[in-house]
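*Asks:* Here's a structure for you.
Protein chains: 2
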Amino acid sequence: MAGDEDIPGKRPTIYDLARIAGTSASAVSSVLSGTWKKRRISAQLAERISRVAEEQGYSLNLQASLLRRERSRIIGMIIPKYDNRYFGAIAEQFEAMARARGLFPVITCTRREPELEYEAARQMMSYQAECLIVTGATDPDRIAELCAATGVRAINLDLPGTRMPSVVSDNFAGAQELTRVILSRTHEAFGRRAPLYFIGGRPQDHNTRERRRGFMSAHAEIGLRVPDGNSIVRGYSADKTAAALAELGIPHGSGVFVNSTIALEGFVRWLRAQSPPLELRFGCFDWDPFAAVHPQNVGMMQQDVGAMLSRVFEFIQSAPNGAPTVEVPCRFRALD
Amino acid sequence: MAGDEDIPGKRPTIYDLARIAGTSASAVSSVLSGTWKKRRISAQLAERISRVAEEQGYSLNLQASLLRRERSRIIGMIIPKYDNRYFGAIAEQFEAMARARGLFPVITCTRREPELEYEAARQMMSYQAECLIVTGATDPDRIAELCAATGVRAINLDLPGTRMPSVVSDNFAGAQELTRVILSRTHEAFGRRAPLYFIGGRPQDHNTRERRRGFMSAHAEIGLRVPDGNSIVRGYSADKTAAALAELGIPHGSGVFVNSTIALEGFVRWLRAQSPPLELRFGCFDWDPFAAVHPQNVGMMQQDVGAMLSRVFEFIQSAPNGAPTVEVPCRFRALD
DNA sequence: GTCCCCTGCTCAATCGATGTAGCGACACTG
DNA sequence: CAGTGTCGCTACATCGATTGAGCAGGGGAC
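Going line by line, the protein sequences match chains Y and A.
Going by this note's numbering, the first sequence wraps up at 336, each residue one higher than the last.
Going by this note's numbering, the second sequence wraps up at 672, each residue one higher than the last.
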């Protein structure tokens, strides 16, 4: 007990433990990393070292450890938002699934800013991430290039790219089904068949294009043509959506396809402000438990986050050839 | 151009760059870290090194860099959930504010599991985090002890502890105000003054206790006594809340205080399932934009995430004495 | 007694970046 | 031409953990 030196601000290293336990740093390292049996350390010494480490409140210096090891087991994810049920669920489940596989997840939020996406990806390289999941990126191919240059494997999630494997929802089929339901429920409620309105998303964005294609296809099935004026596609922003709706003037008895909960936020705010109250029927691509109890909501298309992430981890374990895009079916949640 | 060796899976180091540029690793390091002017490197050499680094797609090995430096500038946060507007906003704003201050945020989600909280905190120590923000932890004092042992500064957010500085909402005043509004709006709507119901939270949790105190106080002000049976406090779970509500049997014309959006999720699900429809008035401690358009919602008490995080960063910059608890006022969002 | 093997450890090189100390070359002073 | 200073760069120790190589000592075979 005489040699224990507790320099306050200084964290103990394996050299400190070795000195205190009267042994070598190698022995300490192998005991604490669990490889001591292969290295022929006696159970007695292992016991002593463990006790000293416990007493001194030792914790591994990951920086030093990772510098020496060949594999970091770090897996990075960049994601545009946290405060939204879809991306929140992705982040939360990704962490849990990564941990369950013995990997160290590191997530960072890029707020749909292309520069921040790029910087965050660079930072993941610096962390020595072995793999990077690029979620909802505005320019996935630029990041793919960065990853290719440093030899880091990358996978797109939610929004596909052309240079690395992608896992996305089956946006076309989901939108088609959702559109059919909104059309029929609007018909039931108001007795007329009119083309729906399409609200939210970005014109150039892959998901928005696919969903519009499904939306159009469901209209075509029943011989309806959608006028050009029936769309508001002004980006992922609740405020812009609400402002645009005020100009559009949707008539009583209409049906509305809302493309994301972000647009839906603007939509329900606008809808609530109408006086006299406006009777509509709407459906939304994406799930939210509070939006689900709105009386005019006829259904929400929930993206299957668990299944998508499973496919992502399959791609991680066995790298595919080329840059395939896998589409995962959505689950429709009918309301009422 | 003859010496460029592009070993595919291998990332270039400063030694590779030095060899290619015909200079030393020290020069490369100082140029890339921006300290080259102090080290008397000529602008010409700096230019050449930068070009080579660019060409080779060099990226810093943070592990090696941090191992050598005395400061990591890493700031950790553990948080119970992502997919909820309150915690989602905390995570998102924390990252932005940390970056704006030149720090590297690392967040991890602990799902209110005490063991995972502890493990995650250990991992933050291993990352050499200089500071740890402990958000909504079930046992903050245990983590405080861990941090004290390794000399890492720690701050509680949302839920206070006794061993490190804490930043929390003014739950008492917020709950009191919210209760007053629900009481008066229920009176307006149904003409009777009856004690409210209190739904959600954990009995032993500090926030729940404070909010119940505010709730009780607002009742006492107008001479109302709250019966013991008017509470459902069974943890942060939408399912348990919905199940308990089914047993409780809240009568038509009642007012309800919902303690968190997680409980609210169960509450609105239950409410919607009632047939014939149940007319109530409720308010919620926490903000959610979709819940805000519910016709029976009279107001939501929004926690001031920006202000709370500002206080957290103040504590980080100048460590306070002892373990003070700062209370940040909430912002009431009246509805209708 | 010699050879060999096994046990239980330690030594020292290594990962990549950083920063102090110092070296060679040249200019300028007196 | 010795002495001093500055410029522009390089050498090397260092951070903490990992791991292949190797060493001392004891036991058994012949």
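Glycine included, every Cβ here is placed at the ideal spot set by N, Cα and C.
As the structure is a prediction and not an experimental result, all values here were calculated from the model.
1. Round the Cβ separation of glutamine 639 (chain A) and serine 553 (chain A) to the nearest angstrom and send it over; I've been treating them as touching at under 8 angstroms.
2. Under 9 angstroms, CB to CB, which of the residues in the region 410-425 of chain A have a partner in chain Y?
3. Counting only Cβ pairs nearer than 7 angstroms, list the residues of chain A close to methionine 125 (chain Y).
4. Flag this pair as yes or no: are the beta carbons of alanine 21 (chain Y) and arginine 48 (chain Y) separated by less than 8 angstroms?
5. Which complete beta strand (DSSP E) runs does the region 257-332 of chain Y hold, if anything under 3 residues is left out?
6. For the region 468-496 of chain A, list every residue whose C-beta sits within 7 angstroms of some C-beta in chain Y, in sequence order.
7. Report yes or no: do the region 438-454 of chain A and the region 484-504 of chain A share at least 3 C-beta pairs separated by less than 8 angstroms?
8. CB serine 65 (chain Y) to CB glutamine 128 (chain Y), shorter than 8 angstroms?
9. Which chain Y residues sit within Cβ distance under 9 angstroms of phenylalanine 593 (chain A)?
10. Identify which residue in Y:Met308, Y:Arg311, Y:Gly306, Y:Asp288 has its Cα closest to the Cα of methionine 300 (chain Y).
11. Where do the N-terminal and C-terminal ends of the beta strand (DSSP E) with valine 168 (chain Y) fall, by residue?
12. Going by DSSP in three states, alanine 432 (chain A) sits in which element: helix, strand or coil?
13. Tell me the DSSP bridge mates of isoleucine 199 (chain Y)?
14. Could you tell me the distance, in whole angstroms, from the CA atom of asparagine 171 (chain Y) to the CA atom of threonine 261 (chain Y)?
15. Just the chain A side, please: which residues come within less than 7 angstroms of leucine 276 (chain Y) by C-beta, in chain order?
16. Proline 329 (chain Y): buried (16+ other C-beta within 10 angstroms of its C-beta) or exposed?
17. Is isoleucine 558 (chain A) buried or exposed, if buried means 16 or more other CB atoms sit within 10 Å of its CB?
18. Give the straight-line distance between the Cα atoms of alanine 323 (chain Y) and aspartate 158 (chain Y), rounded to the nearest whole angstrom.
19. Please report the straight-line C-alpha distance between glutamate 513 (chain A) and phenylalanine 313 (chain Y), rounded to a whole angstrom.
20. Distance, Cα to Cα, leucine 280 (chain Y) vs alanine 319 (chain Y)?
21. So the candidates are Y:Thr13, Y:Phe332, Y:Lys10, Y:Leu224; which of them puts its Cα closest to the Cα of alanine 173 (chain Y)?
22. Cutting at 7 angstroms between CB atoms, please list the residues of its own chain near histidine 252 (chain Y), excluding the five before and the five after it.
23. On a Cα-Cα basis, can you pick out the residue from A:Arg458, A:His555, A:Arg548, A:Leu560 that is closest to isoleucine 568 (chain A)?
24. Given proline 348 (chain A), which residues of its chain have a CB within under 6 angstroms of its CB, disregarding the five upstream and five downstream residues?
25. Work out the CA separation of isoleucine 155 (chain Y) and leucine 309 (chain Y) for me, nearest whole Å.
26. Excluding the 5 residues flanking glycine 642 (chain A) on each side, which residues of the same chain have their C-beta closer than 7 angstroms to its C-beta?
27. Can you check DSSP and say which residues form a bridge with alanine 334 (chain Y)?
28. Between the Cα of leucine 607 (chain A) and the Cα atoms of A:Phe651, A:Asn633, A:Asp622, which residue gives the shortest distance?
29. Can you tell me whether alanine 263 (chain Y) is buried or exposed, with buried defined as 16 or more other CB within 10 angstroms of its CB?
30. Along the region 95-125 of chain Y, where does the CB come closer than 8 angstroms to a CB of chain A? Name the residues.
31. For the region 45-133 of chain Y, list the beta strand (DSSP E) runs that are entirely contained and at least 3 residues long, ordered along the chain.
32. Can a CB atom of chain Y be found closer than 8 angstroms to the CB of leucine 581 (chain A)?
33. Do you know how far the Cα of serine 50 (chain Y) is from the Cα of arginine 69 (chain Y)?
34. Going by the DSSP bridge assignment, what does leucine 493 (chain A) pair with across the sheet?
35. Going by DSSP, what residue range makes up the alpha helix (DSSP H) through aspartate 19 (chain Y)?
36. Examine chain A for any beta-carbon lying closer than 8 angstroms to the beta-carbon of cysteine 296 (chain Y), and answer yes or no.
*Replies:* In brief:
1. Sequence index remark: in the second sequence, residue 639 (chain A) carries index 303 (1-based). Sequence index remark: in the second sequence, residue 553 (chain A) carries index 217 (1-based). Contact doesn't hold; Cβ gap of about 19 angstroms is too wide.
2. Lys417, Tyr418, Asp419, Asn420, Arg421, Tyr422, Phe423, Gly424, Ala425
3. To locate residue 125 (chain Y), count along the first sequence from 1; it is residue 125. What methionine 125 (chain Y) touches in chain A: Ser395.
4. If you number the first sequence from 1, residue 21 (chain Y) lands on position 21. If you number the first sequence from 1, residue 48 (chain Y) lands on position 48. In contact: alanine 21 (chain Y) and arginine 48 (chain Y) (Cβ atoms closer than 8 angstroms).
5. With a minimum length of 3 residues, the continuous beta strand (DSSP E) runs that stay inside the region 257-332 of chain Y are 281-285, 297-302, 325-328.
6. Cβ contacts with chain Y come from Ala485, Thr486, Gly487.
7. no
8. Sequence index remark: in the first sequence, residue 65 (chain Y) carries index 65 (1-based). Sequence index remark: in the first sequence, residue 128 (chain Y) carries index 128 (1-based). It is not a contact, given that the beta carbons lie outside the stated cut-off.
9. Residue 593 (chain A) sits at position 257 when you count from the first residue of the second sequence. Result: empty, since nearest Cβ-Cβ is about 17 angstroms, beyond 9 angstroms.
10. Sequence index remark: in the first sequence, residue 300 (chain Y) carries index 300 (1-based). Of all alpha-carbon atoms in Y:Met308, Y:Arg311, Y:Gly306, Y:Asp288, the one lying nearest the alpha-carbon of methionine 300 (chain Y) is that of Y:Asp288.
11. For the purposes of this step, residue 168 (chain Y) is identified with residue 168 of the first sequence, where counting begins at 1. Start and end: 166-169.
12. Your numbering for residue 432 (chain A) matches position 96 in the second sequence. Of the three classes helix, strand and coil, the one that applies to alanine 432 (chain A) here is helix, per DSSP.
13. As a position in the first sequence, residue 199 (chain Y) is number 199, starting the count at 1. Paired residues: Y:Ile232, Y:Val258.
14. Here residue 171 (chain Y) refers to the residue found at position 171 when the first sequence is read from its first residue. Here residue 261 (chain Y) refers to the residue found at position 261 when the first sequence is read from its first residue. For asparagine 171 (chain Y) and threonine 261 (chain Y), the distance between alpha carbons rounds to 15 angstroms.
15. One-based indexing of the first sequence puts residue 276 (chain Y) at position 276. The question names leucine, but residue 276 (chain Y) in the sequence shown is proline. Among the residues of chain A, none has a CB under 7 angstroms from the CB of proline 276 (chain Y); the nearest is roughly 14 angstroms distant.
16. Position 329 of the first sequence holds residue 329 (chain Y). Classification of proline 329 (chain Y): exposed, given that the 10 Å Cβ count is below 16.
17. Residue mapping note: residue 558 (chain A) aligns to position 222 of the second sequence, counting from 1. So isoleucine 558 (chain A) ends up on the exposed side.
18. Translated into positions along the first sequence, residue 323 (chain Y) becomes position 323. Translated into positions along the first sequence, residue 158 (chain Y) becomes position 158. Distance between alanine 323 (chain Y) and aspartate 158 (chain Y), taken at the CA atoms: about 15 angstroms.
19. Counting from one through the second sequence, the residue named residue 513 (chain A) turns up at place 177. Counting from one through the first sequence, the residue named residue 313 (chain Y) turns up at place 313. When rounded, the distance between both Cα atoms is 48 angstroms.
20. The residue given as residue 280 (chain Y) occupies position 280 in the first sequence. The residue given as residue 319 (chain Y) occupies position 319 in the first sequence. C-alpha separation (whole angstroms): 47 angstroms.
21. Along the first sequence, read from residue 1 onward, the residue named residue 173 (chain Y) stands at position 173. Closest option to alanine 173 (chain Y), Cα to Cα, is Y:Phe332.
22. Residue mapping note: residue 252 (chain Y) aligns to position 252 of the first sequence, counting from 1. The residues are Leu278, Glu279.
23. To locate residue 568 (chain A), count along the second sequence from 1; it is residue 232. Looking at the Cα atoms, A:Arg548 is the closest of the given residues.
24. Counted from its first residue, the second sequence places residue 348 (chain A) at position 12. Correct list, in chain order: Gln392, Tyr394.
25. Translated into the one-based positions of the first sequence, residue 309 (chain Y) becomes position 309. Translated into the one-based positions of the first sequence, residue 155 (chain Y) becomes position 155. Straight-line Cα distance between these residues: approximately 11 angstroms.
26. For the purposes of this step, residue 642 (chain A) is taken as the residue at position 306 of the second sequence. Closer than 7 angstroms at Cβ, skipping near neighbours: Gln429.
27. Residue mapping note: residue 334 (chain Y) aligns to position 334 of the first sequence, counting from 1. Answer is Y:Gly299, bridged to alanine 334 (chain Y).
28. Your numbering for residue 607 (chain A) matches position 271 in the second sequence. Nearest of A:Phe651, A:Asn633, A:Asp622 to leucine 607 (chain A), Cα basis: A:Asn633.
29. Counting from 1 along the first sequence, the entry for residue 263 (chain Y) is found at position 263. With 16 or more other CB atoms across the displayed protein chains lying within 10 angstroms of its CB, alanine 263 (chain Y) is buried.
30. Taking 8 angstroms as the Cβ-Cβ cut-off, the region 95-125 of chain Y approaches chain A at Glu95, Ala96, Phe104, Pro105, Val106, Ile107, Thr108, Cys109, Arg111, Arg122, Gln123, Met125, given in chain order.
31. 74-79, 104-109
32. For the purposes of this step, residue 581 (chain A) is taken as residue 245 along the second sequence, with counting starting at 1. Not an interface residue.
33. Residue mapping note: residue 69 (chain Y) aligns to position 69 of the first sequence, counting from 1. Residue mapping note: residue 50 (chain Y) aligns to position 50 of the first sequence, counting from 1. Going by the C-alpha atoms only, they are around 22 angstroms apart.
34. Taking the first residue of the second sequence as 1, we reach residue 493 (chain A) at position 157. Assignment of beta-bridge partners to leucine 493 (chain A) by DSSP yields A:Thr471, A:Val503.
35. Position 19 of the first sequence, counting from 1, holds the residue named residue 19 (chain Y). First, the amino acid is wrong: residue 19 (chain Y) is arginine here, not aspartate. Unbroken alpha helix (DSSP H) run through arginine 19 (chain Y): 14-21.
36. The residue given as residue 296 (chain Y) occupies position 296 in the first sequence. In the sequence as displayed, the identity of residue 296 (chain Y) is glutamine instead of cysteine. No, glutamine 296 (chain Y) lies away from the interface with chain A (no Cβ there is under 8 angstroms from its Cβ).
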